[in-house]
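Heads up: the sequence shown begins at 0 in numbering that gives the first Met the number 0, then just goes up one per residue.
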Amino acid sequence: MIKSRAIVLHRYAYSDSSWIVKALTEDAGIVSFIVKGGKRKESPFKGALDPLALSEVVFRENPNADLQYIKEATLIDWRKNLREDLLSLAKAQVMAEMVLRYAPQGVPLQAEFQLLKRATDELELSSENKERSAVFARWLLDTCDAWGFQLDLSTCNRCGRPLDAPAKDFHPETGALVCAGCLGISTPRSREETMAGLWNLLQGKEIEHPQYVENAILTYLRQHIGFQKEIKSLQFLNETRKLFGC
Ligand SMILES: [Zn+2]
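(1) Output yes or no for whether 7 Å exceeds the beta carbon distance between L114 and W138.
(2) Can you list the residues near ligand 1, meaning Cβ strictly closer than 5 Å to any non-hydrogen atom, in the order they appear in the chain?
(3) Going by C-alpha to C-alpha distance, which of L197, A133, T142 and H170 sits closest to D163?
(4) Quick check on I216: does DSSP put it in helix, strand or coil?
(5) Return the CA-CA distance between L88 and G180, expressed in angstroms with no decimal places.
(6) Kindly indicate which residue of E60, L124 and I19 has the alpha-carbon position closest to the one of D26.
(7) Report buried or exposed for R10, applying the criterion of at least 16 other Cβ atoms within 10 angstroms of its Cβ.
(8) Measure the alpha-carbon distance for P161 versus G37 and round it to whole angstroms.
(9) Extract the residue ranges of the alpha helix (DSSP H) inside the stretch 133-167, only unbroken runs of 4 or more that lie entirely within it.
(10) List the endpoints of the continuous beta strand (DSSP E) containing W77.
(11) Spatial neighbours of L85 within its chain, please: CB distance less than 6 Å, with the 5 preceding and 5 following residues excluded, ordered by chain position.
(12) I'd like to know if the stretch 62-69 and the stretch 208-226 are in contact, where contact means that at least 3 CB-CB pairs between them fall below 8 Å.
Dropping the structure here:
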């Protein structure tokens, strides 16, 4: 029997009364559960298997089956504040979907669990927008690292010198930063907001316009992991950003 903390990544109906739940467990990576009777009102799992919930699950792992039977699921944190903030919700959904689509299946994913738990903890617990501003960008940067595509934000890619001010350009295809001296009189391709955001991210500071740095790192990461797999929740994030003018 396995007992593990888990973050629910995705859930869909399987029949009139059942669900399939895909969760990132702390100890066993991504596991797909069949939850018979899960949709019934008197289901013993209540909110514990809602998408993005942090729960403790108990199950017996059958290595020959794609779907595991869940024995117990106990809610640890439903993420109430996160759900009430549309932008946090949209970002958390993109993170969950990216883990589900891109992380390897059938292997332990402890780094992925810790990173997603930390990011969703921060979205849940910080009371102010600016405190949350770097959470998604930080998660993307750390995920680049965890998946073997480390992004060095501290050095100019051309001259190799450590940056002592925001770089002047960023190439999302390669992840290269270019310092003022190396850019010279050329026109940068990246926006100033992106460069300021990458610099603040390196310093561990808040980010004024997070969408630019988020999109820059997301483009870099997808350049490496592939654009073939669509990230459906990105559309919701982009619509939410428009709604809030960011
Ligand atoms: Zn340089």
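Even glycine gets a Cβ: it sits at the ideal position worked out from N, Cα and C.
Answer, in terms of the structure:
(1) yes
(2) The set, ordered by position in the chain, is C155, R157, C158, C178 and C181.
(3) L197
(4) helix
(5) 40 Å
(6) E60
(7) buried
(8) Between the C-alpha atoms of P161 and G37 there is a straight-line separation of about 54 Å.
(9) 134-145
(10) Segment: none, W77 is in no beta strand (DSSP E) and carries neither H nor E.
(11) T239
(12) Judged by Cβ distances under 8 Å, the stretch 62-69 makes no contact with the stretch 208-226, as fewer than three pairs qualify.
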